[in-house]
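Just below is one structure, and these are the notes that go with it.
In the working numbering, the protein residues as written are 1 to 358.
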């Protein structure tokens with residue numbers, strides 16, 4: 001553990017020297033990390049840093065079994081490595097979520113053990129603290145979850161990344177139904193890191209969540225979703241994850257056409273257009289607008305590399321199926337739903353779609 005008095009710039013330099021892939025992973029540039037790690041592993045198949053980075057990339061693509069294997073290999077080569085522990089924990093958590101059954105509870109416990117060990121070994125793990133904090137907040141007490149533990153993660157993160165620590169605290173409080181208490185933390189985070197797509201997304205996702213809707217009431221919630229999305233768009237218009245979060249808020253506030261335009265306008269400007277193509281497919285599927293164009297965007301998504309940290313190919317094929325059903329192309333819709341299930345056999349949306357088609 002680094003001394004508390006060590007300046008932040010020194011902490012950042014040390015972390016980057018120890019883990020050259022972390023900055024891109026924290027920003028969600030998984031395709032970039034995937035390419036860099038594969039290149040490094042071609043030169044040295046036993047590079048623990050590259051193995052851990054490749055594991056996180058594969059997990060972001062929802063290839064959890066491969067991600068786990070890569071992380072385990074890294075740990076066999078370098079026991080206790082914090083990046084490898086983080087990678088294994090994320091792969092285990094992803095597997096548990098995808099399984100969606102009571103048998104996955106053990107994997108959740110193992111994932112939490114890995115995340116706790118990773119952050120204990122290296123307090124500068126931004127993704128580790130965020131993942132652990134959100135897990136503590138969402139898990140029931142019987143599995144070790146608690147708001148107190150979640151807020152402790154925000155405190156720890158604030159020591160190495162102040163704005164992200166504030167954003168995490170805002171998310172935790174919002175999930176706890178305390179929107180008024182969350183707002184000052186989000187405000188400080190946005191002021192101190194303007195244009196940070198992850199922070200903007202954390203704020204907008206919390207605003208677009210059920211506890212916030214309940215706290216604000218439907219009318220005020222809808223208005224605030226639209227206003228905040230429009231206010232923050234100029235700060236993230238070249239960052240796919242920020243534009244995606246803006247579009248989600250506009251869609252959920254009843255402004256599907258505006259959400260569509262935001263994504264179309266962003267395609268040429270963002271660093272990861274596949275994220276926005278997938279979002280355009282979602283908008284078409286949910287709203288019924290621009291169905292033909294939505295299908296065309298989803299065709300691109302399913303035939304090209306898709307950035308990680310999204311609904312993945314399962315989500316893309318499910319959205320294709322929804323649109324095809326609405327266009328009365330039932331056989332194609334069934335085929336799309338089945339294709340989604342080859343990527344995620346337990347995908348609830350694809351299962352429901354297939355059942356509805358008979």
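Backbone N, C-alpha and C fix where the C-beta goes; we use that ideal spot for every residue, glycine too.
**OP:** Compute the Euclidean distance between the alpha carbons of residue 67 and residue 181, then round it to the nearest angstrom.
**Re:** What you label residue 67 is simply residue 67 of the chain shown in a count that begins at 1. What you label residue 181 is simply residue 181 of the chain shown in a count that begins at 1. Cα to Cα, residue 67 sits roughly 37 Å from residue 181.
Subject >> Buried/exposed call for residue 166, threshold 16 Cβ in 10 Å >> reply: Position 166 of the chain shown, counting from 1, holds the residue named residue 166. Buried is the call here.
Subject >> CA-to-CA distance, residue 52 to residue 43, given in whole angstroms >> reply: Position 43 of the chain shown, counted from the first residue, corresponds to residue 43. Position 52 of the chain shown, counted from the first residue, corresponds to residue 52. Spanning the two alpha carbons is a distance of roughly 16 Å.
Original post:
Under a Cβ-count criterion, where at least 16 other Cβ atoms within 10 Å of its own Cβ denotes burial, should residue 305 be classed as buried or exposed?
Top reply: Here the question's residue 305 lines up with position 305 in the chain shown. That one is exposed.
**OP:** Mark residue 198 as exposed unless 16 or more other C-beta atoms lie within 10 angstroms of its C-beta, in which case mark it buried.
**Re:** Along the chain shown, one-based indexing puts residue 198 at 198. Residue 198 should be labelled buried.
Original post:
With a CB to CB cut of under 8 Å and the five nearest residues on each side skipped, what residues in its chain are close to residue 17?
Top reply: Numbered from 1 along the chain shown, position 17 holds the residue referred to as residue 17. Note that residue 17 scores a pLDDT of 37, beneath 50, so its modelled location is shaky and nothing firm can be said.
Original post:
With 16 other CB atoms within 10 Å as the buried threshold, where does residue 13 fall?
Top reply: Translated into the one-based positions of the chain shown, residue 13 becomes position 13. Bear in mind that the predicted position of residue 13 carries a pLDDT of just 31, short of 50, making it too unreliable to give a figure here.
Subject >> Opening and closing residue of the alpha helix (DSSP H) in which residue 303 lies >> reply: To locate residue 303, count along the chain shown from 1; it is residue 303. From DSSP, the alpha helix (DSSP H) with residue 303 extends over 291 to 303.
**OP:** Taking the CB atoms as reference points, tell me whether residue 333 and residue 324 lie closer together than 8 Å.
**Re:** Walking along the chain shown from the start, residue 333 turns up at place 333. Walking along the chain shown from the start, residue 324 turns up at place 324. Yes, they are a contact pair.
Subject >> Own chain partners of residue 117 with C-beta closer than 6 Å, once the 5 adjacent residues on each side are dropped >> reply: To locate residue 117, count along the chain shown from 1; it is residue 117. Within the same chain, 85 come within 6 Å of residue 117 by CB-CB distance, once the 5 residues on both sides are set aside.
Original post:
Between residue 8 and the rest of its own chain, which residues show a CB-CB distance below 6 Å, the 5 nearest in sequence each way excluded?
Top reply: Stepping through the chain shown from its first residue, residue 8 is reached at position 8. In this prediction, residue 8 has a pLDDT of 29, which is less than 50 and means its spatial position is unreliable; what the coordinates show is noted afterwards. Closer than 6 Å at Cβ, skipping near neighbours: no residue.
**OP:** Classify residue 270 as helix, strand or coil using the three-state DSSP reduction.
**Re:** The count along the chain shown starts at 1 and reaches residue 270 at position 270. The answer is coil: DSSP assigns residue 270 none of H, G, I, E or B.
Original post:
What distance in whole Å lies between the Cβ atoms of residue 60 and residue 30, which are believed to be in contact at a cut-off of 8 Å?
Top reply: Stepping through the chain shown from its first residue, residue 30 is reached at position 30. Stepping through the chain shown from its first residue, residue 60 is reached at position 60. Indeed they touch by this definition, with Cβ atoms about 4 Å apart.
Subject >> residue 260 burial status per 10 Å Cβ neighbour count (16 or more: buried) >> reply: Here residue 260 is taken as the residue at index 260 of the chain shown, counted from 1. Buried, because 16 or more other Cβ atoms sit within 10 Å of the Cβ of residue 260.
Subject >> Residue span of the alpha helix (DSSP H) that contains residue 155, given as start and end >> reply: For the purposes of this step, residue 155 is taken as residue 155 along the chain shown, with counting starting at 1. That run of the alpha helix (DSSP H) goes 147 to 160.
**OP:** Could you tell me whether any non-hydrogen atom of the ligand ZN is closer than 7 Å to the CB of residue 354?
**Re:** No copy of the ligand ZN appears in this structure; indeed no ligand is present at all.
Subject >> Straight-line gap, residue 352 to residue 339 (C-alpha atoms, nearest Å) >> reply: Numbered from 1 along the chain shown, position 352 holds the residue referred to as residue 352. Numbered from 1 along the chain shown, position 339 holds the residue referred to as residue 339. If you take the alpha carbons of residue 352 and residue 339, they lie about 14 Å apart.
Subject >> Limits of the alpha helix (DSSP H) - the one that residue 55 falls within >> reply: Within the chain shown, the letter at position 55 stands for residue 55. Counting along the chain, the unbroken alpha helix (DSSP H) around residue 55 starts and ends at 48 to 60.
**OP:** Could you pull out every residue in the same chain whose Cβ sits closer than 7 Å to the Cβ of residue 107, ignoring the five residues on either side in sequence?
**Re:** On the chain shown, residue 107 is found 107 positions in, with the first residue counted as 1. Correct list, in chain order: 92, 95, 96.
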